[in-house]
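A.B. asks:
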Amino acid sequence: MGVSWHTVDGTALAGADYVAASGTLTWAANDSAPKNVTVLLQGDAAVEHDENCTLQLDGFVGMAAGASAVATGTILNDDAPPPPPEGVKSVPTLSDWALVVLSFGLLAPVVHARRRRAR
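Mapping the sequence shown onto UniProt numbering, position 68 (from 1) lands on 68, and the numbers just tick up by one.
#1: Assuming T7 contacts L55 (C-beta within less than 8 Å), just tell me the rounded distance between them.
#2: In chain order, what residues of the same chain lie with their CB nearer than 6 Å to the CB of T72, ignoring the 5 residues before and after it?
#3: What three-state label does DSSP hand T38 in the structure shown?
#4: Could you tell me how far apart the beta carbons of S22 and G59 are, in whole angstroms, since I believe they sit closer than 8 Å?
#5: Just mark W97 as buried or exposed, buried being the case when its beta carbon has 16 or more other beta carbons within 10 Å.
#6: Could you have a look at L76 and say whether DSSP puts it in helix, strand or coil?
#7: DSSP on N52, reduced to helix/strand/coil?
#8: In whole angstroms, give me the CA-to-CA distance for A69 and L40.
#9: Please work out which residues of its chain come closer than 6 Å, Cβ to Cβ, to A20, disregarding the five sequence neighbours upstream and downstream, and give them in chain order.
#10: Tell me, which residues are paired with A71 by DSSP?
#11: Using the beta-carbon count (16 or more within 10 Å), is D17 buried or exposed?
#12: What residue from T24, E86, D31 and V47 has the CA that sits closest to V37's CA?
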């Protein structure tokens, strides 16, 4: 029994994010062991969101005609956190400012007066 497979672009693109590949997995009679497919990734320094590609399984030898299946793999961003969505401003952190000194004081003296009426 066997199955043909090939990679299909998703948000990840062959040649830029991974190496396009194809092949055939085969099982001997009474073999139920899982088979693995390796897809080589192409690293880059671009800051981007996680991306995905699909492994298309088709041409099952010894199985129902026209059978097909897909598996989606996610390529996790390993460069830096993805940028915030357009129009969103990031909030500075203490490390962005290095040191923040806060001073508190009065701009004008505060006087409270209370009059007491004689009875």
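All residues carry an ideal CB built from backbone N, CA and C; glycine is no exception.
C.D. replies: Once the coordinates are examined:
#1: 6 Å
#2: N52 and T54
#3: coil
#4: That pair is no contact at about 11 Å.
#5: Only weak support exists for where W97 lies, its pLDDT of 46 falling under 50; the coordinates are left without a value.
#6: coil
#7: strand
#8: 21 Å
#9: T7 and A14
#10: L55
#11: buried
#12: T24
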